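K.L.:
Residue numbers (my numbering), protein chains in the order written: chain R, 1 to 486; chain F, 1 to 352. We put the beta carbon where it would ideally sit given N, CA and C, even for glycine. Note that the coordinates shown come from a computational prediction; the quantities given were computed from them, not determined experimentally.
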């Protein structure tokens with residue numbers, strides 16, 4: 001019993017930031033009096049909108065470069081590309097893909113530059129990233145206010161300030177890029193998945209014929225079978241009409257997720273107990289998860305929960321992007337590159353001795369983060385539907401980093417789940433704070449200022465805490481030894 | 001000759017050279033554009049003295065070893081708080097009002113500075129990263145305070161129904177322009193000539209001299225030693241941590257006094273988010289003057305403020321003539337100030 005209490009206490013103290021914000025969020029929701037359905041709906045919109053950006057912060061943390069305040073630069077790359085796409089008059093998913101196609105090389109180039117710069121000031125990446133963000137904002141303003149129209153001839157009355165020089169304050173994305181990703185139907189996604197599978201199988205078969213690939217063919221057969229299965233399923237009328245929409249009712253989403261999880265655990269049991277007859281395998285955990293899934297399913301029939309689940313729908317394509325990024329972040333850890341990043345993050349000296357090219361690894365981390373942040377900004381803008389030319393990128397790093405930290409991440413360690421939990425908590429606070437301020441103090445402004453204060457404050461506290469504990473410095477010296485380069 | 005030039009180049013560094021050239025080019029360009037050069041120079045001088053004390057606040061911080069004090073906004077909000085208290089008291093004598101504002105500002109700034117110094121001692125090696133966000137947080141926190149202060153003076157609160165203090169508070173009934181107008185002269189034409197705010201310049205010089213005297217004192221020298229080489233300083237019996245706290249506190253108090261001199265010259269107090277990026281401008285100015293992340297002299301603050309503010313004072317009308325109705329000068333300020341900070345950081349690694 002004492003042991004259990006000890007355990008519970010240690011879990012609480014390990015997650016004290018999360019616990020604090022859960023309490024704060026619940027209190028703010030209660031005080032604001034906002035209906036839960038409203039909060040849930042807003043929240044799921046905001047997760048889709050901001051989740052990707054927050055997840056783009058994880059790779060530099062792994063590589064020991066701290067919180068990447070330079071994601072502003074990724075956002076800038078996205079906005080430059082988006083302006084031209086809107087100017088040329090493209091729209092819909094094709095316009096969005098074109099934006100990605102233009103923005104990605106720009107982001108790669110910017111990320112490379114940032115990585116180069118950060119390599120000249122190792123250990124000061126965060127302050128450099130902050131200043132770099134402001135500096136890049138200045139160049140961005142120069143480009144959008146004076147070079148577009150001033151140097152590059154541009155003619156468009158809706159986009160350009162009267163007089164022909166400089167871009168207007170806001171660009172309306174309605175009718176071109178608004179909801180371009182959110183409205184991609186599940187059917188299209190399934191088709192894309194099918195063609196990807198087919199392409200992989202064909203490539204592998206060609207390689208096999210050329211004799212460059214060996215081993216059993218069962219993998220390829222399974223993939224081919226999956227492609228055919230998808231094709232068949234999408235042609236069943238009921239499935240077809242269900243998948244023809246772009247939005248998934250949260251209720252359906254939850255049920256599908258529960259069935260999938262339960263099914264996976266069941267397969268695990270069957271695979272380990274019956275097929276492989278693994279003696280050491282314990283059925284307790286999978287069984288517990290299955291029981292939880294059933295409980296979750298029953299919970300969907302509880303009236304208040306059901307009300308929320310029926311009220312909220314999620315844009316499938318956007319959420320799929322977020323899930324894929326989570327998978328990518330996890331898979332990266334298993335690769336050689338990911339391991340190198342982790343080693344570099346732990347100690348640059350050890351990495352150097354182990355023969356890892358530290359500078360190159362760090363540059364790759366920055367490029368990846370910048371590109372992901374760029375895509376994150378595209379997702380954000382297509383969902384919000386208006387592109388505030390001179391403001392959209394300025395608060396990106398503040399809010400993304402604050403969200404990540406609220407989820408319990410630190411400067412050395414951050415996970416996918418911390419990012420997602422952080423987005424949920426931080427944005428719940430954002431949704432209800434003004435109303436809570438109104439109800440508590442008759443002043444909505446107070447609530448708004450409070451949430452901005454929370455954003456700054458949580459970053460300040462975690463930066464200070466990081467510097468506070470991570471310095472077991474020598475007693476005599478006021479200086480911190482920089483890791484010597486070998 | 002060639003060696004001499006390259007020595008000058010080494011001393012100045014590329015960005016400073018660019019900035020000086022730029023300043024001269026702007027001044028020269030102002031003539032054919034038909035701008036009033038005397039007026040522009042007068043403006044540059046006024047802005048120089050107006051921002052001077054704020055930039056001066058950087059010097060004790062850097063010298064005591066806390067690097068660039070991005071958290072000077074702590075001192076700034078203390079000064080603003082002191083000013084609002086002074087206005088609330090409703091003193092009619094402008095000098096009394098100014099003195100009260102500075103006294104209250106310094107009183108608020110001192111404990112804040114000491115606490116901030118303690119914090120910075122615990123985060124050695126990442127002072128700049130921490131201080132930037134501590135500065136941001138305190139400005140955000142003060143937003144809540146400005147909204148809820150129970151003041152009743154008519155100049156402070158909204159006239160009808162609104163909550164909290166106003167965004168900009170006029171100083172015409174308290175200490176607005178009191179230093180500027182003291183012994184002021186206008187050189188040349190009374191309308192277009194160069195207005196020289198003698199009192200403001202004298203006050204700035206007084207602050208410089210006081211700081212100079214302090215830096216020359218035993219404590220001041222010990223403080224510089226603690227910043228320059230903590231290990232050596234400790235070996236010679238200097239309490240490094242206490243010196244750092246002292247430097248931080250002086251920096252914070254100077255920030256408070258600096259914002260009050262700034263506001264009296266500007267004529268308004270700017271509350272809420274106005275101080276958010278002010279620390280960056282101060283940092284940029286002292287760096288332009290020749291300071292590094294580790295070393296700064298009073299002359300760096302004086303020269304740097306003049307160059308930085310001079311460029312802005314001249315660039316604004318020039319840019320308006322060239323491209324009317326745009327904020328080219330503002331964009332340029334962002335690029336110059338952050339560019340120079342980035343340059344200085346890349347020259348000196350944090351924690352190195």
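Which whole-angstrom value is the C-beta distance of residue 168 of chain F and residue 269 of chain F, which I expect to be below 8 Å?
P.N.:
Sequence index remark: in the second chain, residue 168 of chain F carries index 168 (1-based). Sequence index remark: in the second chain, residue 269 of chain F carries index 269 (1-based). About 7 Å; that satisfies the 8 Å criterion.
K.L.:
With a threshold of 8 Å between beta-carbons, can residue 339 of chain F be considered close to chain R, or not?
P.N.:
For this step, residue 339 of chain F is matched to residue 339 along the second chain. With respect to chain R, the C-beta atom of residue 339 of chain F has a partner C-beta closer than 8 Å.
K.L.:
Could you give the distance in angstroms between the alpha-carbon of residue 333 of chain R and the alpha-carbon of residue 362 of chain R?
P.N.:
Within the first chain, numbered from 1, the residue matching residue 333 of chain R stands at position 333. Within the first chain, numbered from 1, the residue matching residue 362 of chain R stands at position 362. Their backbone Cα atoms lie some 15 Å apart in a straight line.
K.L.:
Please list the segments of the alpha helix (DSSP H) lying wholly inside the region 130 to 214 of chain F, counting only runs of 4 or more residues, in order along the chain.
P.N.:
178 to 181
K.L.:
By alpha-carbon positions, which one of R:252, R:290 and R:136 ends up nearest to residue 263 of chain R?
P.N.:
Within the first chain, the letter at position 263 stands for residue 263 of chain R. Measuring from the Cα of residue 263 of chain R, the nearest candidate turns out to be R:290.
K.L.:
What are the partner residues of residue 264 of chain F, as DSSP defines its beta bridges?
P.N.:
The residue you call residue 264 of chain F lines up with position 264 of the second chain. Its beta-bridge partners do not exist; DSSP assigns none.
K.L.:
Exposed or buried, which one is residue 377 of chain R when buried takes at least 16 other CB atoms within 10 Å?
P.N.:
Start at 1 with the first residue of the first chain, and residue 377 of chain R comes out as number 377. Residue 377 of chain R comes out buried.
K.L.:
Roughly how many whole angstroms lie between the Cα atoms of residue 46 of chain F and residue 301 of chain F?
P.N.:
Within the second chain, numbered from 1, the residue matching residue 46 of chain F stands at position 46. Within the second chain, numbered from 1, the residue matching residue 301 of chain F stands at position 301. For residue 46 of chain F and residue 301 of chain F, the distance between alpha carbons rounds to 15 Å.
K.L.:
For residue 2 of chain F, I'd like the list of residues in its chain whose CB is within less than 8 Å of its CB, leaving aside the five on either flank, ordered along the chain.
P.N.:
Numbered from 1 along the second chain, position 2 holds the residue referred to as residue 2 of chain F. Here the set comprises nothing.
K.L.:
By Cβ distance, which residues of its chain are closer than 8 Å to residue 478 of chain R, with the 5 residues on each side in sequence left out?
P.N.:
Numbered from its first residue, the first chain carries residue 478 of chain R at position 478. Caution applies to residue 478 of chain R, whose pLDDT of 37 falls short of 50 and renders its modelled position unreliable; the value that the coordinates give is listed next. Excluding residues within five positions, none has a Cβ falling inside 8 Å.
K.L.:
What does the Cβ neighbour count give for residue 122 of chain R, buried or exposed, with the cut at 16 atoms within 10 Å?
P.N.:
Start at 1 with the first residue of the first chain, and residue 122 of chain R comes out as number 122. With 16 or more other Cβ atoms within 10 Å, it is buried.
K.L.:
Within the chosen definition, does the region 110 to 121 of chain R reach the region 405 to 415 of chain R through at least 3 CB pairs nearer than 8 Å?
P.N.:
no
K.L.:
Checking the sheet assignment: what are the DSSP bridge partners for residue 181 of chain R?
P.N.:
On the first chain, residue 181 of chain R is found 181 positions in, with the first residue counted as 1. DSSP lists no partner for residue 181 of chain R.
K.L.:
What does residue 443 of chain R touch in chain F if you count any residue whose Cβ is under 7 Å from its own?
P.N.:
Here residue 443 of chain R refers to the residue found at position 443 when the first chain is read from its first residue. Chain F residues near residue 443 of chain R: 147 and 163.
K.L.:
Less than 8 Å between CB atoms is the rule here; does residue 128 of chain F satisfy it with respect to chain R?
P.N.:
For the purposes of this step, residue 128 of chain F is taken as residue 128 along the second chain, with counting starting at 1. It does: the Cβ of residue 128 of chain F has a partner Cβ on chain R nearer than 8 Å.
K.L.:
Please compile the residues from chain F whose C-beta is within a distance smaller than 9 Å of the C-beta of residue 146 of chain R.
P.N.:
The residue labelled residue 146 of chain R in the question sits at position 146 within the first chain. Per Cβ cutoff of 9 Å: 323, 326, 328 and 331.
K.L.:
Please identify the residue among F:13, F:347, F:113 and F:52 whose C-alpha is closest to the C-alpha of residue 66 of chain F.
P.N.:
Counted from its first residue, the second chain places residue 66 of chain F at position 66. The shortest C-alpha separation from residue 66 of chain F is found at F:113.
K.L.:
Give me the DSSP bridge partner(s) of residue 247 of chain R.
P.N.:
Here residue 247 of chain R is taken as the residue at index 247 of the first chain, counted from 1. BP columns for residue 247 of chain R point to R:315.
K.L.:
Any chance you could list the beta strand (DSSP E) runs of at least 3 consecutive residues sitting entirely within the region 159 to 241 of chain R, in chain order?
P.N.:
Taking only runs of at least 3 residues, the beta strand (DSSP E) segments lying wholly in the region 159 to 241 of chain R are 170 to 172.
K.L.:
In its own chain, which residues sit with a C-beta less than 6 Å from the C-beta of residue 421 of chain R, not counting the 5 before and 5 after it?
P.N.:
Along the first chain, one-based indexing puts residue 421 of chain R at 421. Result list for residue 421 of chain R: 407, in chain order.
K.L.:
Counting along the chain, where does the alpha helix (DSSP H) carrying residue 77 of chain R start and finish?
P.N.:
Within the first chain, numbered from 1, the residue matching residue 77 of chain R stands at position 77. First-last of the alpha helix (DSSP H) with residue 77 of chain R: 71 to 88.
K.L.:
Relative to the C-alpha of residue 250 of chain F, which residue among F:341, F:133, F:76 and F:146 is closest?
P.N.:
On the second chain, residue 250 of chain F is found 250 positions in, with the first residue counted as 1. The shortest C-alpha separation from residue 250 of chain F is found at F:76.
K.L.:
With C-beta atoms as the reference, is residue 26 of chain F less than 8 Å away from residue 311 of chain F?
P.N.:
To locate residue 26 of chain F, count along the second chain from 1; it is residue 26. To locate residue 311 of chain F, count along the second chain from 1; it is residue 311. Cβ atoms of residue 26 of chain F and residue 311 of chain F: closer than 8 Å.
K.L.:
Just checking: is the beta-carbon of residue 132 of chain F within a distance shorter than 8 Å of some beta-carbon in chain R?
P.N.:
In the second chain, counting from the first residue as 1, residue 132 of chain F sits at position 132. For residue 132 of chain F, a Cβ of chain R is located within less than 8 Å of the residue's own Cβ.
K.L.:
May I have the straight-line CA-CA distance separating residue 86 of chain F from residue 327 of chain R, to the nearest angstrom?
P.N.:
If you number the second chain from 1, residue 86 of chain F lands on position 86. If you number the first chain from 1, residue 327 of chain R lands on position 327. Spanning the two alpha carbons is a distance of roughly 59 Å.
K.L.:
How long is the line joining the alpha carbons of residue 46 of chain R and residue 305 of chain F, rounded to whole angstroms?
P.N.:
By one-based count along the first chain, residue 46 of chain R stands at place 46. By one-based count along the second chain, residue 305 of chain F stands at place 305. Approximately 44 Å between the Cα atoms of the pair.
K.L.:
Pick helix, strand or coil for residue 152 of chain R, following the three-state DSSP scheme.
P.N.:
Mapped onto the first chain, residue 152 of chain R falls at position 152. In this structure, DSSP gives residue 152 of chain R an extended state, which the three-state scheme calls strand.
K.L.:
Using a C-beta to C-beta distance shorter than 7 Å, which residues of chain F count as neighbours of residue 137 of chain R?
P.N.:
Taking the first residue of the first chain as position 1, residue 137 of chain R is located at position 137. Chain F residues near residue 137 of chain R: 334.
K.L.:
Between residue 385 of chain R and chain F, is the shortest Cβ-Cβ distance under 8 Å, so that the two count as touching?
P.N.:
Against the first chain, residue 385 of chain R aligns to sequence position 385. Cβ-Cβ to chain F under 8 Å: no for residue 385 of chain R.
K.L.:
Look up residue 386 of chain R in the DSSP assignment and give the residues it is bridged to.
P.N.:
Locating residue 386 of chain R in the first chain gives position 386, where the first residue counts as 1. Residue 386 of chain R is bridged to R:172.
K.L.:
Counting only Cβ-Cβ distances shorter than 9 Å, please list the residues of the region 380 to 411 of chain R near chain F, keeping chain order.
P.N.:
398
K.L.:
Compare the Cα-Cα distances from residue 393 of chain R to each of R:82, R:213, R:356 and R:42 and report the closest residue.
P.N.:
The residue you call residue 393 of chain R lines up with position 393 of the first chain. Answer by Cα proximity: R:82.
K.L.:
With burial defined as no fewer than 16 other Cβ atoms inside 10 Å of the residue's Cβ, what is the status of residue 430 of chain R: buried or exposed?
P.N.:
Numbered from its first residue, the first chain carries residue 430 of chain R at position 430. It is buried - the Cβ of residue 430 of chain R has at least 16 other Cβ atoms within 10 Å.
K.L.:
Would you decide whether residue 149 of chain R is buried or exposed? Buried here means 16 or more other CB atoms lie within 10 Å of its CB.
P.N.:
The residue labelled residue 149 of chain R in the question sits at position 149 within the first chain. Label assigned to residue 149 of chain R: buried.
K.L.:
Chain F partners of residue 120 of chain R, CB-CB under 7 Å?
P.N.:
As a working mapping, residue 120 of chain R is identified with position 120 in the first chain. By Cβ distance, chain F contributes 346.
K.L.:
For residue 463 of chain R, which option in R:185, R:435, R:416 and R:67 has the closest C-alpha, if you only look at C-alpha atoms?
P.N.:
Position 463 of the first chain, counting from 1, holds the residue named residue 463 of chain R. Of R:185, R:435, R:416 and R:67, the residue nearest in Cα terms is R:67.
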